[in-house]
Structures are given as structure tokens and as C-alpha cells.
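K.L.:
So the sequence shown is numbered by numbering that gives the first Met the number 0: it starts at 0 and just counts up by one. Ideal placement from N, C-alpha and C gives every residue a C-beta, glycine not left out. Mind having a look at this structure? Questions to follow.
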Amino acid sequence: MSAGQEPSAPRSVLHYPPIHEDAQFVVLSDWDGTITDKDSNDYIVDNLGFGFDKRRELNLECLSGRMSFRDSFRQMLESVHHPFEECKEELKKNIKLDPGFVNFYSWCKSQNIPFVIVSSGMAPNIRGVLSTLLPGPDAENIEIIANEVEFTDPEKKGDTWEIVYRHPESGFGHDKSQAILPYRKLAHKPTLFFCGDGVSDLSAAKHADLLFAKVMANGHSDLKTFCEREKIPHVPFRDFNKVLERVKEVVEGKSVEQVLKEEGN
């Protein structure tokens with residue numbers, strides 16, 4: 000059974016890896032602004048596209064439900080008129096990892112807990128950034144479920160390009176819930192942890208056993224705002240040291256309900 004193959008699932012045009020059927024715990028995480036210190040897509044649009052003000056306007060349209068994430072994100076990327084490799088190099092130079100992430104990922108590996116990046120960004124950009132920041136072969140081996148990119152220039156060099164959405168008919172573009180829902184069908188359901196920060200995580204937010212909502216240094220978090228509005232239990236976190244602390248507690252026997260109670264839910 001593979002993720003993304005639910006009977007009512009949106010059509011996926013990209014391959015899904017098999018799910019981890021024998022795992023007792025699974026961690027899934029958004030990439031941009033969650034694992035990274037800033038949103039790489041926002042960075043590209045703000046610096047190489049139409050800029051912060053227009054981008055934030057579209058973010059708020061999406062958060063309010065007046066516009067789909069798929070359509071708003073496509074508009075943002077279409078404002079970027081730079082070759083794909085130039086964009087990727089800009090990200091490699093300017094995007095850093097959350098200060099607690101490498102330690103958390105290493106701990107997950109040591110405990111044989113699957114860790115999956117579930118992103119509405121583009122996989123080549125994610126691997127590019129990881130290639131400069133993760134030790135050894137981890138950048139190539141870490142599991143990523145994301146969108147892809149298509150080079151549209153005649154030479155296929157990436158002078159012009161466009162995003163290839165995993166779920167082109169979904170308003171999310173990539174419906175992240177489809178990476179989580181297949182685990183709910185298993186006879187022995189694992190405890191599912193999900194970490195996110197923004198509007199692209201809304202489809203997955205309701206399906207995790209323990210949801211972590213990233214809060215930026217300025218206190219901003221679209222996902223936290225959504226969870227508070229919709230009364231969705233969650234754990235706010237500033238960095239992955241907090242995630243490690245709480246996930247460890249659950250792995251060692253503390254109930255998810257107790258963790259959420261301690262966090263004020």
C-alpha cells in the first residue's frame with residue numbers, strides 16, 4: 000500500500016514511496032519555515048519575484064479561504080523570471096536549518112523512527128539546500144514527498160520553468176493529508192507526529208496524533224492561528240529541540256493527551 004492511494008484521494012501525477020507499515024512512530028514534517036529558518040519559496044518570491052507585499056497579500060487571501068493555495072503559489076512562482084539553477088543557488092547560500100533539526104533527525108535515525116519531509120515546495124530545491132547542511136549521505140537518503148519542477152525552455156536547461164503539482168486538481172496543489180491518511184488504514188496504526196507552520200499544512204493538520212505548529216521569532220505562525228481558530232489541539236514550538244523533548248516523552252510512554260494537556264489544550 001502506498002501513500003496517496005486512498006479511494007477518494009486526489010489524482011497524483013507523481014510517485015509516492017511505500018509507507019512505513021511496521022513503524023510504531025512516524026514523524027512527518029513540512030520543510031519551508033519549519034525545518035528551515037525561513038520559507039525558501041517566500042525568499043525567492045520576495046527577492047527574485049514580485050516582492051513581500053504582493054506575496055503576503057496572496058498568503059492572507061489563501062488563509063481566509065478566498066483563494067486556493069495552489070493558485071496563489073503558482074502566481075508567486077510565475078513572478079520569478081530567473082533560471083531555476085540560479086534560484087537554487089540563491090537558496091543554498093541563504094537558507095539555513097532550524098538549530099535543533101540535525102540533532103532531532105539524528106535521534107529519529109538512532110531510534111529507527113521514520114522521518115518524512117512533506118512539502119509544497121519543489122524536491123530539487125530541498126535536496127539542494129540539504130546538500131550543503133546535512134552530514135554525509137543524509138541529504139540524498141532523507142525521504143521527501145513534494146512537488147517537482149519542469150524546465151520549459153527548448154533546451155531544457157531551466158532558463159524557464161514551472162512547478163509540477165503532485166495533485167494538480169487539488170486546491171492544495173500537494174494535499175499533504177495524503178501522506179498521512181494511509182497510516183490510518185493500517186491494522187497497527189503508528190503514532191503520527193506532524194510539524195508545520197503555514198497554510199500549505201492545513202490539509203494535514205487535522206490528521207496527526209500530535210501536531211506541532213512552528214512559531215517564528217516574531218511570534219508569527221499561520222498554522223498556529225488556524226489551529227486556535229478551529230480549536231485543533233497542537234504544540235507550539237520555536238525550534239526542533241522542543242519537538243525532540245515532546246516526541247521523546249511520547250516514545251518513552253507519556254500519552255499524547257497528557258502532552259496536549261500540559262501544553263494548554
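Please name the residue in Phe-171, Asp-38, Pro-98 whose C-alpha comes closest to that of Leu-62.
P.N.:
For Leu-62, the nearest C-alpha among the options comes from Phe-171.
K.L.:
Kindly indicate which three-state DSSP category Glu-256 falls into: helix, strand or coil?
P.N.:
The answer is helix: DSSP assigns Glu-256 an H, G or I state.
K.L.:
Indicate whether Glu-142 and Ile-116 have their beta-carbon atoms separated by less than 8 Å.
P.N.:
Result yes, Cβ atoms of Glu-142 and Ile-116 sit closer than 8 Å.
K.L.:
According to DSSP, what are the bridge partners of Trp-160?
P.N.:
Bridge partners of Trp-160: Phe-150.
K.L.:
Could you give the distance in angstroms between the alpha-carbon of Pro-134 and the alpha-carbon of Lys-95?
P.N.:
Between Pro-134 and Lys-95, the C-alpha separation is close to 14 Å.
K.L.:
By a C-beta neighbour count over all protein chains shown, 10 Å radius and 16 as the cutoff for buried, is Phe-24 buried or exposed?
P.N.:
So Phe-24 ends up on the buried side.
K.L.:
With DSSP as the reference, label Lys-213 as helix, strand or coil.
P.N.:
Strand at Lys-213.
K.L.:
Helix, strand or coil for Met-121 per DSSP?
P.N.:
It is a strand residue.
K.L.:
How many angstroms separate the CA atom of Phe-51 from the CA atom of Ser-78?
P.N.:
In a straight line, the C-alpha of Phe-51 is about 12 Å away from that of Ser-78.
K.L.:
Output the residue ranges of the alpha helix (DSSP H) runs that lie fully inside the stretch 84-133 and measure 4 residues or longer, sorted by chain position.
P.N.:
Runs of the alpha helix (DSSP H) inside the stretch 84-133: 100-109, 122-132.
K.L.:
To the nearest angstrom, report how far apart Asn-58 and Glu-261 are at their CA atoms.
P.N.:
Taking the straight line from one Cα to the other gives about 31 Å.
K.L.:
Taking the alpha carbon of Arg-69 as the point to measure from, which residue in Gly-218, Asn-146, Gly-157 has its own alpha carbon closest?
P.N.:
Nearest option by C-alpha distance: Asn-146.
K.L.:
Within 10 angstroms of its Cβ, does Ser-1 collect 16 or more other Cβ (buried), or is it exposed?
P.N.:
For Ser-1, the pLDDT reaches just 43, beneath the cut-off of 50, and the residue's location in the model is therefore unreliable, leaving the point undetermined.
K.L.:
Counting C-beta neighbours from all protein chains within 10 Å, is the total for Thr-131 16 or more, i.e. buried, or is it exposed?
P.N.:
The residue is exposed, with fewer than 16 neighbouring Cβ atoms inside 10 Å.
K.L.:
Using C-beta distances below 6 Å, list every residue in its chain close to Phe-193, excluding the 5 sequence neighbours before and after it, in chain order.
P.N.:
Leu-27, Ala-203, Ala-207, Leu-210.
K.L.:
Are three or more beta carbon pairs between the stretch 147-158 and the stretch 78-88 nearer than 8 Å?
P.N.:
They touch, by the three-pair rule.
K.L.:
Name, in chain order, the residues that DSSP records as bridge partners for Gly-191.
P.N.:
Per the sequence shown, residue 191 should be read as Leu rather than Gly. Answer by DSSP bridge pairing, in chain order: Val-25.
K.L.:
Determine the burial state of Pro-123: buried for a count of at least 16 other Cβ atoms within 10 Å of its Cβ, exposed for fewer.
P.N.:
Counting Cβ neighbours within 10 Å, Pro-123 comes out buried, since at least 16 surround it.
K.L.:
Answer yes or no: do Asp-31 and Ser-169 have a C-beta to C-beta separation smaller than 8 Å?
P.N.:
Contact flag unset, no.
K.L.:
Here's the rule: buried if 16 or more other CB atoms are within 10 angstroms of the residue's CB, otherwise exposed. What is His-252?
P.N.:
Residue identity differs from the one stated: residue 252 is Gly in this sequence, not His. Burial call: exposed.
K.L.:
Does the beta carbon of Asn-111 fall short of 7 Å from some heavy atom of the ligand FAD?
P.N.:
The model depicted lacks the ligand FAD and carries no ligand whatsoever.
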